[in-house]
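To keep things clear, I will list the structure first and then write my remarks on it.
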Amino acid sequence: MATLPSSPASAPPLSPREPSLNPSALAGSTATPTLSEFSLRGEYLSKDLPYALSPDDVFLTVGCIQAIEVIISVLARPSANILLPRPGFFHYETCASSSNLEMRHFDLLPERGWEVDLMGVEKLADENTVAMVIVNPGNPCGNVYSYDHLKKVAEMAKKLGIMVISDEVYAHLVFGNTPFTPMGVFGSIAPVLTLGSISKRWIVPGWRLGWLVTTDPNGILTKHGVVESIKGFLSTSPDPATFIQGAVPQILEKTPDDFFSRTIDVLKQTADICYEMIKDIPCITCPYKPEGSMFVMVKLNLSMLDGVKDDVDFCMKLSKEESVIVLPGVVVGMKNWLRITFTIEPSLLRDGLERIKAFYERHAKAP
1 MATLPSSPAS APPLSPREPS LNPSALAGST ATPTLSEFSL RGEYLSKDLP
51 YALSPDDVFL TVGCIQAIEV IISVLARPSA NILLPRPGFF HYETCASSSN
101 LEMRHFDLLP ERGWEVDLMG VEKLADENTV AMVIVNPGNP CGNVYSYDHL
151 KKVAEMAKKL GIMVISDEVY AHLVFGNTPF TPMGVFGSIA PVLTLGSISK
201 RWIVPGWRLG WLVTTDPNGI LTKHGVVESI KGFLSTSPDP ATFIQGAVPQ
251 ILEKTPDDFF SRTIDVLKQT ADICYEMIKD IPCITCPYKP EGSMFVMVKL
301 NLSMLDGVKD DVDFCMKLSK EESVIVLPGV VVGMKNWLRI TFTIEPSLLR
351 DGLERIKAFY ERHAKAP
């Protein structure tokens, strides 16, 4: 299979049917209703957890982007701050900035498979910290966190009295040695808000159906008004299209396992191609072979290039000279790094990486 399999989502529409948080950080939350009632709430989202979710634990959103907007808006208040990963998905910063929510960035450690710098998290947090964000599997790094590391994240959140926002939009898109573990497994240690959508695993990016799930068996988020605030925000927001909601039960129940296995096979193939070909491009280095999602971060060595100022300049010149688009690392918080997407036809991926190599050879400093 050379490309990602086409979506199986062709079903006809159906009837859509005690640790503590910082009290001062959550003061002022206000509130109202969970959305529709179908199998997404129970079977699918509960199957990897040690406890069953109720309908009141799941909120439908217009894609994962709206889920981010909801939770950032709910948590924003004067003097509050949120801890974001660096590198990370930039939409969190966009939403936090527009909501006047202070951002503090903790590092992900490339030499340790992009694990969270937990000591850095502890130093950043204070009595006004409302939450920390993780993205697993990782965008932009392609990492997958181990069970043990996620447990340490939960224990740190408990120590700091904050919740964990776990962006799992690439859940189950893993192809390395580390299996995917949902952060909600550790909801009894610290409250977890999980974000996800159908767009990535089912390859339907235009369908715009996501979710926000509270995994909080101790009831901390309810006690502090977070759940009511989510309901209130969503009561005045657009819902996902009803025909998409109606199709979801059949999508979840009738998608054959081989659809997912073929997707994983393609991702593994292209990730391997990308990782191996990067080794032949002297000016970029990949510190960690991707194990999940659709991206990899590589470090740019500007000392080997003539006439290239930084990562943005590299990407602009590469686009103009070779018609190849990569994302400058500064966009995701890592100056002089690059994010490469490997979810394209293998022959096109090879061609693109050969063009990056040709660009290096043309701009390489003379010995």
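In case it helps, UniProt numbering puts the sequence shown at residues 1 to 367. Ideal Cβ placement from N, Cα and C applies to all residues, glycine included. The model shown is predicted, which means the values in this text are computed figures rather than measured ones.
One thing to note: T215 has its Cβ no nearer than 9 Å to the Cβ of I162. Bounds of any alpha helix (DSSP H) do not take in G210; it lies within the beta strand (DSSP E) bounded by G210 to T215. Taking 9 Å as the cut-off, the Cβ atoms of L195 and A364 do not count as close.
Annotated three-state conformation of M304 is helix, per DSSP. If you check the CB distance, G307 and G142 do not come in under 9 Å. Judged by beta-carbon spacing, L302 lies beyond the 9 Å limit of C315, meaning their Cβ atoms are not closer than that value.
In this structure L209 is not in contact with I220, their Cβ atoms being roughly 27 Å apart against a cut-off of 8 Å.
In the DSSP assignment, R86 falls within the unbroken beta strand (DSSP E) covering N81 to R86. Taken through DSSP and simplified to helix, strand or coil, M334 comes out as coil. Here V121 has L83, F106, M132 and M156 as same chain residues with Cβ atoms under 7 Å from its own Cβ, once five neighbours each way along the sequence are excluded. For the 9 Å CB-CB criterion, V332 and M294 do not form a contact. In this structure, P240 places its C-beta atom within 9 Å of the C-beta atom of V62. Within the same chain, I281 and C283 come within 6 Å of Y360 by CB-CB distance, once the 5 residues on both sides are set aside. Counting other Cβ atoms within 10 Å of its Cβ, E111 stays below 16 and is therefore classed as exposed. Fewer than three beta-carbon pairs drawn from the region 98 to 105 and the region 254 to 264 are found closer than 8 Å, and the two stretches are therefore not classed as touching. Along the region 111 to 169, the beta strand (DSSP E) occurs as fully enclosed runs of 3 or more residues at 129 to 135 and 163 to 167, listed in sequence order. Within the DSSP secondary-structure output, R339 pairs in a beta bridge with M297 and L327. Out of E168, W211 and A154, the CA that lies nearest to the CA of V144 is found in E168. Residue pairing by DSSP places D107 opposite R86 in a beta bridge.
Three or more beta-carbon pairs drawn from the region 167 to 185 and the region 42 to 51 are found closer than 8 Å, and the two stretches are therefore classed as touching. Under the three-state reduction of DSSP, F59 is assigned to strand. The Cβ-Cβ distance between V164 and P140 does not fall below 9 Å.
In the DSSP assignment, the residues bridged to V174 are G292.
Around the beta carbon of G138, 16 or more other beta carbons sit within 10 angstroms, so the residue counts as buried. Per DSSP, the continuous beta strand (DSSP E) segment holding S197 begins and ends at V192 to S197. S235 counts as exposed, since fewer than 16 other C-beta atoms from the protein chains shown sit within 10 angstroms of its C-beta. Taking G352 as reference, the option from T285, T270 and M334 with the minimal CA-CA separation is T270.
Taking the C-beta atoms as reference points, S166 is found nearer than 9 Å to I134. Separation of I356 and K289 (C-alpha to C-alpha, rounded to the nearest whole angstrom) is 19 Å.
Contact annotation, I273 with R350: C-beta distance approximately 6 Å; criterion of less than 8 Å satisfied. Per DSSP, T263 has no beta-bridge partner at all. Excluding five sequence positions before and after S146, the CB atoms of its chain that fall closer than 6 Å to its own CB belong to T178, given in chain order. For G232, the enclosing alpha helix (DSSP H) starts and ends at V226 to S235. Take the alpha-carbon of N336 and the one of A125: they are about 27 Å apart.
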